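J.:
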Amino acid sequence: MKKLVIFDLDGTLAESKAAIDEEMARLLSNLLTVARVAIISGGDWPQFQKQVLAYLPRTDLQKLSILPTCGTKYYHYDHGWQQLYAENFTAQEKKLIIEQLTDAVATSGFKAEKTWGEQIEDRDSQITYSALGQSAPIKEKSKWDPDFEKRKQIKKKLDKTLKGFAVNMGGATSIDITKPGIDKAYGIKKLKKTLNIKIDEMIFIGDALMAGGNDHPAYKTGVSCLQTRGPEDTKRLIEGIMVCLGFKPPQHN
């Protein structure tokens, strides 16, 4: 029996940087009545607040775990949201990463002609590069690198110059850089220890499970992984999981 369902955020529960819709909020709320739920994303804590938490009813939140920046931070609900840990970079590490990232983008030949907001964001425990900027429209982001080929070339350069760090592709246009060993596999292992739930009692759902994608490290844990093509696909997966876990919708007279 599965006890924990783990989700990626952008491209899985919602479109990139967008809020979950009413149907997704209802499905997540219903899922929390039959299982624990965790969300792991490259986004930082404020992104979870804006995209997910603002739309969930305040019920069963004790069964929801939030792991921002690819699992380098962990929040749980106990009379309000509390941070359990954060694996933050030093100032020297941040400087090195930003320098190498800037150089890799400049020499890749994929510099965007137009951007919306900052391209490089310091999330303390993660440095994130968004090719079109943090506030780019979803329509523009979806066209820029749908097959991940541009980011694969940037990642290849970074893998050579940032050997002491983990470099993964996520979202629609982003590359996430964390400390070595700090990825979604790390977050899943933290969930196992913190919640005392076995790996074979978990399911992970993400849209970037391909090699190099920031969901791919989940495979290293042995967790059951389900690839999603987007939020609408995820909704159908949630419905199927709830049926398997015995969820019974309320009866209306």
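The number in this note's numbering is simply the position in the sequence shown, starting from 1, with 9 added.
We put the CB at the ideal spot given by N, CA and C, even for glycine.
Since the structure is predicted, the reported quantities are computational estimates derived from the model, not experimental observations.
#1: Since Met-178 sits in a beta bridge, which residues does DSSP pair it with?
#2: What residues in its chain sit with their C-beta under 7 Å from that of Gly-180, if we drop five residues either side in the sequence?
#3: Could you check the C-alpha separation between Leu-13 and Val-43 for me, to the nearest Å?
#4: How big is the Cα-Cα spacing for His-225 and Thr-137?
#5: Can you give me the start and stop residues for the alpha helix (DSSP H) that Asp-168 sits inside?
#6: Is it the case that the CB of Leu-76 approaches a heavy atom of the ligand GDP more closely than 7 Å?
#7: Is the beta carbon of Ala-23 less than 8 Å from the beta carbon of Met-10?
#8: Inspect the beta-carbon positions of Phe-157 and Gly-221 and report whether they are closer than 8 Å.
#9: So Ala-175 and Gly-190 are in contact, right, with Cβ under 8 Å, and what is the actual spacing, rounded?
#10: Between Leu-167 and Trp-153, is the Cβ-Cβ spacing less than 8 Å?
#11: In the region 183-212, which residue ranges form an unbroken beta strand (DSSP E) of at least 3 residues, counting only runs that do not cross its ends?
#12: Would you check if the region 233-244 and the region 95-111 touch, i.e. whether three or more CB-CB distances between them fall below 8 Å?
#13: Quick check: what's the CA-CA separation for Trp-125 versus Glu-149?
#14: Count the other CB atoms, across all protein chains shown, that sit within 10 Å of the CB of Val-252; report buried if there are 16 or more and exposed otherwise.
#15: Which parts of the region 20-75 are runs of the alpha helix (DSSP H), unbroken and 4 residues or longer, counting only runs that do not cross its ends?
#16: Give the C-beta separation of Ser-139 and Gln-128 to the nearest angstrom, bearing in mind that I take them to be a contact with Cβ-Cβ under 8 Å.
#17: Of all the options Leu-36, Leu-76 and Ile-163, which has the alpha carbon lying nearest to the alpha carbon of Pro-66?
#18: Can you list, in chain order, the residues of its chain with a C-beta nearer than 7 Å to that of Leu-41? Leave out the 5 residues immediately preceding and following it.
#19: Using the Cα positions of Asp-209 and Ser-233, report the straight-line distance between them to the nearest angstrom.
T.: Quick look at the numbers:
#1: Per DSSP, Ile-184 and Gly-222.
#2: Result list for Gly-180: Asp-19, Gly-20, Ser-25 and Gly-51, in chain order.
#3: Near 9 Å, if we compare the C-alpha coordinates of Val-43 and Leu-13.
#4: Distance from the CA atom of His-225 to the CA atom of Thr-137, rounded to whole angstroms, is 17 Å.
#5: Residues 158-170.
#6: For the ligand GDP, the structure offers nothing, since it holds no ligand at all.
#7: No, the Cβ-Cβ distance between Ala-23 and Met-10 is not below 8 Å.
#8: Yes. Within cutoff.
#9: Contact holds; Cβ gap of about 7 Å.
#10: With contacts defined as CB atoms closer than 8 Å, Leu-167 and Trp-153 fail to qualify as a contacting pair.
#11: Runs found: 183-187.
#12: The region 95-111, when compared against the region 233-244, does not touch it at the 8 Å Cβ threshold.
#13: Taking the straight line from one Cα to the other gives about 10 Å.
#14: Answer is exposed; the Cβ neighbour count stays below 16.
#15: For secondary structure counted as the alpha helix (DSSP H) over 4 or more consecutive residues, the region 20-75 holds these complete runs in sequence order: 31-40 and 54-60.
#16: Sure, about 6 Å apart at Cβ, within 8 Å.
#17: Pro-66 has its Cα closest to that of Leu-36, out of Leu-36, Leu-76 and Ile-163.
#18: Asp-69, Lys-72 and Leu-73, listed in sequence order.
#19: About 7 Å.
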